[in-house]
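Okay, so here's the structure we're looking at.
2 protein chains.
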Amino acid sequence: VIHSKSVEDLAARLAAFPGIGPKTALRLALHVLRIPPQEVEALARSILQVQQRVRRCAVCHVMTETDPCPVCTDQGRDQGLLMVVEDSEDVAAVERTGAYRGRYHVLGGVLSPLEGVGPQDLNLDSLRARLRTGGLREVILAVNPTLEGEATTLYLQRLLRDADLAVTRLARGIPVGGQLDQYDEVTLEKAITGRSPA
Amino acid sequence: VIHSKSVEDLAARLAAFPGIGPKTALRLALHVLRIPPQEVEALARSILQVQQRVRRCAVCHVMTETDPCPVCTDQGRDQGLLMVVEDSEDVAAVERTGAYRGRYHVLGGVLSPLEGVGPQDLNLDSLRARLRTGGLREVILAVNPTLEGEATTLYLQRLLRDADLAVTRLARGIPVGGQLDQYDEVTLEKAITGRSPA
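This is the structure:
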């Protein structure tokens, strides 16, 4: 394609997506020319629908198409168990394991003084409300163990200190398929102290 | 996002693009949720416009938004010089060098008996017509030097044998098996200025 403002415009929009460089963006834009017209229309419609249909669950704040979300309305779930995570993709990742039958609470981020994210920017009011009314037995802190995530976990530990429930966090250690010398000392130390019977 | 048919649908459509795996497709689909509504609408519109506005030039068959294309209508171009290429992206690549001031003819592919592509499937009738009426001085064969491209170049050499004009091809700065739009402008420029008799 030469001198096509519409291809350049689309490529520029796609290059704004994470992980998409200018060359890939151009390749994707050009591919649109090779798709049958009705599929191009379906693609454009699909993009609009994602934005129109996906919303946040008013209870746990996960992104989903129904409010409350299917997890919050599932009576087969353990109502006494709550996992606190950073964002919706963490919920999706845990759901894929099939190993968790409790509910979730999505914080919507982590505390980050440098980026101006304080406690008031996270979904903490609704967390407090759930703690008061939820009949909870255990809260699992599953914020990602980054520097800011750890600070957030510390904050949550203090917030939950006086509540009458067990507060746990995900085990840290060497991932499946990982090698001991690939990971930092703290991770390795956690893996050793948290060792379990073989 | 959990249990979202619209995100899954968009991810599936994006995974059909070349070089986009299922994970990248999901990441791109989720990114749509982070874009402001008016930009999502602009993206959807941009996709539709690419298909609606881009067409083929009736003279040289390049994909462009105007027919005839800006190159074919540019009177400042050398009317005696014609470069034969596989597709529109080759034209775009040569144009980026700024080293060529002639016109183009896009074949729309290469001969490929295995994939059932014969001479009747390429833009050869219009090439013959241009040879008859074009007042051409030189034809540059710039089909990609792949196996099938070389066979196509051979076919073109025979087709042009009796015409009263110089037939040249790009210098072998492009490695065998390579494609024009994979290489930098300098390499491509050397290949153009160093073209040799076919």
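The listed protein sequences derive, respectively, from chains A and B. Mapping the first sequence onto the working numbering, position 136 (from 1) lands on 136, and the numbers just tick up by one. With the second sequence counted from 1, adding 1000 to any position gets you the working numbering. Just so it is clear, CB atoms sit at the ideal spot from N, CA and C, and this is done for glycine as well. In this text the structure is predicted, and so the values were computed from the model without any measurement.
Could you check how far apart the C-beta atoms of G118 (chain A) and E86 (chain A) are, in whole angstroms? I think they sit under 8 Å.
Actually they do not touch by this definition, with Cβ atoms about 15 Å apart.
Looking at the secondary structure, which residues open and close the alpha helix (DSSP H) in which I1192 (chain B) lies?
E1185 to T1193
Short check: CB of L30 (chain A) to CB of E1089 (chain B), under 8 Å?
yes
Is there a Cβ from chain B that is less than 8 Å from the Cβ of P197 (chain A)?
no
How should P1036 (chain B) be labelled, buried or exposed, when 16 other C-beta atoms within 10 angstroms of its C-beta is the threshold for buried?
exposed
Since Q75 (chain A) and G135 (chain A) are thought to touch, with beta carbons under 8 Å apart, how far apart are those beta carbons, to the nearest angstrom?
The pair is not a contact, with the Cβ atoms about 14 Å apart (cut-off 8 Å).
Within 10 angstroms of its Cβ, does T97 (chain A) collect 16 or more other Cβ (buried), or is it exposed?
Classification for T97 (chain A): exposed.
From the DSSP secondary-structure annotation, give me the bridge partner or partners of P1197 (chain B).
Per the DSSP secondary-structure output, P1197 (chain B) pairs in a beta bridge with B:T1168.
Beta strand (DSSP E) segment containing L136 (chain A), residue limits
Neither: L136 (chain A) is in no beta strand (DSSP E) and is coded neither H nor E.
Per DSSP, what kind of secondary structure is S1004 (chain B) in: helix, strand or coil?
coil
Integer-rounded CB distance, given that L1082 (chain B) should sit under 8 Å from P1139 (chain B):
Before going further, note that residue 1139 (chain B) is Val rather than Pro in the sequence given. That pair is a contact at about 5 Å.
Three-state secondary structure assigned by DSSP to H1031 (chain B)
Note: H1031 (chain B) maps to helix in three-state DSSP.
Are any of the Cβ atoms in chain A nearer than 8 Å to that of P1022 (chain B)?
no
Can you tell me whether R77 (chain A) is helix, strand or coil according to DSSP?
Residue state, collapsed to three classes: coil.
Shorter than 8 Å from the beta carbon of H31 (chain A) to some beta carbon of chain B?
yes
DSSP on L82 (chain A), reduced to helix/strand/coil?
strand
Are the beta-carbon atoms of G1194 (chain B) and P1145 (chain B) separated by less than 8 Å?
no
Just verifying my parser: in three-state terms, what is the DSSP assignment at Y104 (chain A)?
strand
Which of the three DSSP states is assigned to V47 (chain A) in this structure?
Sequence check: residue 47 (chain A) is Ile here, not Val. Helix at I47 (chain A).
I192 (chain A) classed as buried or exposed, judged by whether at least 16 other C-beta atoms fall within 10 angstroms:
When all chains shown are included, I192 (chain A) counts as exposed.
Name the DSSP bridge partner or partners of S1112 (chain B)?
Answer is B:V1117, bridged to S1112 (chain B).
Assign E189 (chain A) to buried or exposed, taking buried as 16 or more other Cβ atoms, counted over all protein chains shown, within 10 Å of its Cβ.
Sixteen is the threshold: since fewer than 16 other Cβ atoms of the shown chains lie within 10 Å of the Cβ of E189 (chain A), the residue is exposed.
C69 (chain A) touches chain B at which residues, Cβ-Cβ below 9 Å?
I1002 and H1003
With DSSP as the reference, label L141 (chain A) as helix, strand or coil.
strand
State buried or exposed for E65 (chain A), treating a residue as buried only when at least 16 other CB atoms are found within 10 Å of its CB.
buried
Run the CB neighbour count on L1111 (chain B), radius 10 Å, all protein chains shown included, and call it buried at 16 or more, exposed below.
Under this definition L1111 (chain B) is a buried residue.
Buried/exposed call for G1102 (chain B), threshold 16 Cβ in 10 Å
Buried, because 16 or more other Cβ atoms sit within 10 Å of the Cβ of G1102 (chain B).
Might you give, ordered along the chain, the residues of its own chain that have their beta carbon closer than 8 Å to the beta carbon of Q157 (chain A), omitting 5 neighbours on each side?
L141 and V167
Please classify A1025 (chain B) as buried or exposed, where buried requires at least 16 other C-beta atoms within 10 Å of its C-beta.
Burial call: buried.
Using the rule of at least 16 other Cβ atoms within 10 Å of the residue's Cβ for burial, across every protein chain shown, is R1161 (chain B) buried or exposed?
exposed
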